[in-house]
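K.L.:
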Amino acid sequence: MLHVDPISVATPAAPLLTAVATGPAATEVTASAGALAAEAAPPPFSVTAVVTEARLDSWLAVGLVLAAGLYLYGVYRLRLRGDRWPVARTIFFLGPGLGGIASVTVSGLHAYDTTLLSVHMVQHMVLSMVSPIFLALGAPVTLALRTLPTGPRKRLLAVVHSRIARVYTFPLVAFAIFVVNPFALYFTDLYRYTLEHAWAHEVVHAHFIMTGCVFFWPLLGLDPLPGRWPYPGRALLMLLSVPFHTVLGLTIMQSTTLFGGDWYPSLGLSWADPWEDQVLAGGILWAGGEFVSVTMLAVLVVQWMRQAEREARRIDRELDRQEARQRAAESTA
């Protein structure tokens, strides 16, 4: 279904018409522009609207379909030659990974992401924290390395182990980017700019995904990345990310100024109060961030325990081999 965002069409009309009309006609023109904006505004937020306002004409939707197709093709290539690929990885990558991105960008939520700050915060959480985790657990780089021909595989390895990749995937650098970005976005004029320009808003979505991948891939991912920390260091870094969302969420809830300036009040929505919605947005970021961080800390601990068990079994096998060699030497003597 082809969808045109009514906010991007209606909002610029009022200032434009007001600038043209001056004198006694200004009041009449401004009233007409306000009526036009109110008429073109999206309907009250509901589950039905999330379904009916869905769109499939964005570049992000094309990218999601392409990524899913390439991943499934890689799994198919492995099965053709008799190799196994864990089903759980495919489910993680296609379901909560790509599917999570689609649920907040292709669904009707996108029609409200410049209308309600709370909807934008839901997108923020999913794109930067939820989906990147499951994309990392899907191990797409490992899948590509196992299916690509020799030439492309060498080029991919060169990219993964390049200096730029080493810098951005270094846990402290990734953590700094993950923490600083939201403050740089919401507490500057940049957020207002993204509301006024649709292309900038789409770039922010892509940036959320990239930031989450850079942070979570070295911590929870299964792909061979350079400079990966041992599990105790990863667990500490994940633990440090918990208070960050608390501080950001509480700051948004207690802010005495509206994010985006007069953008949300200028929409004139009778079914939404910008102040109450901003408090809700901060609560979503606070509660959602803590829940995801604590849950992923638990996942990291489980991975740590499994790695310790595998290491213990490896040591046991090595000791058994050493004992067998010693018995053979004794019987020979």
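Residue numbers (the numbering used here): -7 to 325.
Even glycine gets a Cβ: it sits at the ideal position worked out from N, Cα and C.
(1) Can you have a look at residue -7 and say buried or exposed, based on whether 16 or more other CB atoms are within 10 angstroms of its CB?
(2) Suppose the cutoff is 6 Å on Cβ atoms and the five residues either side in sequence are ignored; what does the same chain contact list for residue 305 look like?
(3) By Cβ distance below 6 Å, which residues in the same chain neighbour residue 223 in space, the five residues on each side in sequence not counted?
(4) Assuming residue 159 and residue 165 form a contact by the criterion Cβ under 8 Å, report the distance between their Cβ atoms to the nearest whole angstrom.
(5) Measuring alpha carbon to alpha carbon, tell me which residue in 221, 180, 115 and 82 is nearest residue 134.
(6) Assuming residue 251 and residue 127 are in contact, meaning their beta carbons sit under 8 Å apart, how far apart are those beta carbons, in whole angstroms?
(7) Is residue 234 near residue 285, with beta carbons less than 8 Å apart?
(8) Leaving out five residues on either side along the sequence, give the residues of the same chain with a beta carbon under 7 Å from the beta carbon of residue 84.
(9) Roughly how many angstroms lie between the CA atoms of residue 68 and residue 303, to the nearest whole one?
(10) Measuring only the C-alpha atoms, how far is residue 289 from residue 322?
(11) Residue 97 and residue 52: beta carbons closer than 8 Å?
(12) Given a cut-off of 8 Å, decide if residue 242 and residue 274 are closer than it, judged by their beta-carbon atoms.
(13) For chain D, check one thing: does any of its Cβ atoms lie closer than 8 Å to the Cβ of residue 130?
(14) Just tell me which of 221, 249, 324 and 54 has its CA closest to the CA of residue 180.
(15) Give me the Cβ distance between residue 103 and residue 34, rounded to the nearest whole Å; I'm assuming they're in contact under 8 Å.
(16) What would DSSP say about residue 258, mapped onto helix, strand or coil?
(17) With the cut-off set at 8 Å, would you say residue 70 and residue 138 are in Cβ contact?
(18) Of the choices 73, 64 and 91, whose alpha-carbon is the least far from that of residue 79?
(19) Since I believe residue 287 is in contact with residue 219 (beta carbons under 8 Å), could you give me their beta-carbon distance rounded to a whole number of angstroms?
(20) How about residue 147 and residue 255: do their beta carbons lie closer than 8 Å?
(21) Considering residue 266, what are the terminal residues of the alpha helix (DSSP H) in which it resides?
(22) Quick one: what does DSSP say residue 153 is sitting in, helix, strand or coil?
(23) Work out the CA separation of residue 87 and residue 122 for me, nearest whole Å.
(24) Count the other CB atoms, across all protein chains shown, that sit within 10 Å of the CB of residue 141; report buried if there are 16 or more and exposed otherwise.
(25) Between residue 270 and residue 258, what straight-line distance do the alpha-carbon atoms span, to the nearest angstrom?
(26) Per DSSP, what kind of secondary structure is residue 253 in: helix, strand or coil?
P.N.:
With the structure as the only source:
(1) Your numbering for residue -7 matches position 1 in the sequence shown. Low confidence applies here, because residue -7 scores a pLDDT of 39, under 50, leaving its location unreliable and the question unanswered by this model.
(2) Locating residue 305 in the sequence shown gives position 313, where the first residue counts as 1. So no residue of the chain qualifies.
(3) Numbered from 1 along the sequence shown, position 231 holds the residue referred to as residue 223. Around residue 223: 296.
(4) Taking the first residue of the sequence shown as position 1, residue 159 is located at position 167. Taking the first residue of the sequence shown as position 1, residue 165 is located at position 173. The Cβ separation is near 6 Å, so the contact holds.
(5) Here residue 134 corresponds to residue number 142 of the sequence shown, with the count starting at 1. The shortest C-alpha separation from residue 134 is found at 82.
(6) For the purposes of this step, residue 251 is taken as residue 259 along the sequence shown, with counting starting at 1. For the purposes of this step, residue 127 is taken as residue 135 along the sequence shown, with counting starting at 1. No, residue 251 and residue 127 are not in contact; Cβ-Cβ is about 28 Å, not under 8 Å.
(7) For this step, residue 234 is matched to residue 242 along the sequence shown. For this step, residue 285 is matched to residue 293 along the sequence shown. The answer is yes: Cβ separation under 8 Å.
(8) Your numbering for residue 84 matches position 92 in the sequence shown. For residue 84, where only same-chain residues beyond five positions count, the Cβ hits under 7 Å are 126, 129 and 130.
(9) Within the sequence shown, numbered from 1, the residue matching residue 68 stands at position 76. Within the sequence shown, numbered from 1, the residue matching residue 303 stands at position 311. About 31 Å.
(10) On the sequence shown, position 297 is the one that residue 289 refers to. On the sequence shown, position 330 is the one that residue 322 refers to. Roughly 49 Å separates the two Cα atoms.
(11) Stepping through the sequence shown from its first residue, residue 97 is reached at position 105. Stepping through the sequence shown from its first residue, residue 52 is reached at position 60. Taking 8 Å as the Cβ cut-off, residue 97 and residue 52 qualify as a contacting pair.
(12) The count along the sequence shown starts at 1 and reaches residue 274 at position 282. The count along the sequence shown starts at 1 and reaches residue 242 at position 250. Residue 242 is positioned such that its CB atom lies closer than 8 Å to that of residue 274.
(13) In the structure shown, chain D does not exist; there is a single protein chain.
(14) In the sequence shown, residue 180 corresponds to position 188, counting from 1. Considering only 221, 249, 324 and 54, the residue with the shortest C-alpha distance to residue 180 is 249.
(15) The sequence position of residue 103 within the sequence shown is 111, counting from 1. The sequence position of residue 34 within the sequence shown is 42, counting from 1. Contact check for residue 103 and residue 34: beta-carbon distance about 5 Å, within the 8 Å limit, so the pair qualifies.
(16) The sequence position of residue 258 within the sequence shown is 266, counting from 1. The answer is helix: DSSP assigns residue 258 an H, G or I state.
(17) The residue labelled residue 70 in the question sits at position 78 within the sequence shown. The residue labelled residue 138 in the question sits at position 146 within the sequence shown. Closer than 8 Å, so yes.
(18) The count along the sequence shown starts at 1 and reaches residue 79 at position 87. Comparing Cα-Cα distances from residue 79 to each of 73, 64 and 91, the minimum goes to 64.
(19) Reading the sequence shown from its first residue, position 227 is the one you call residue 219. Reading the sequence shown from its first residue, position 295 is the one you call residue 287. Not a contact, Cβ separation roughly 25 Å.
(20) Here residue 147 is taken as the residue at index 155 of the sequence shown, counted from 1. Here residue 255 is taken as the residue at index 263 of the sequence shown, counted from 1. Annotated as distal: residue 147 and residue 255, with beta-carbon spacing of 8 Å or more.
(21) Here residue 266 refers to the residue found at position 274 of the sequence shown. Unbroken alpha helix (DSSP H) run through residue 266: 266 to 324.
(22) Along the sequence shown, one-based indexing puts residue 153 at 161. It is coil, neither helix nor strand.
(23) Numbered from its first residue, the sequence shown carries residue 122 at position 130. Numbered from its first residue, the sequence shown carries residue 87 at position 95. Each residue's alpha carbon lies about 11 Å from the other.
(24) Your numbering for residue 141 matches position 149 in the sequence shown. The Cβ neighbour count for residue 141, taken over all protein chains shown within 10 Å, is under 16; the residue is labelled exposed.
(25) Position 278 of the sequence shown holds residue 270. Position 266 of the sequence shown holds residue 258. Linking residue 270 to residue 258 through their CA atoms gives a straight-line distance of about 15 Å.
(26) In the sequence shown, residue 253 corresponds to position 261, counting from 1. Annotated three-state conformation of residue 253 is coil, per DSSP.
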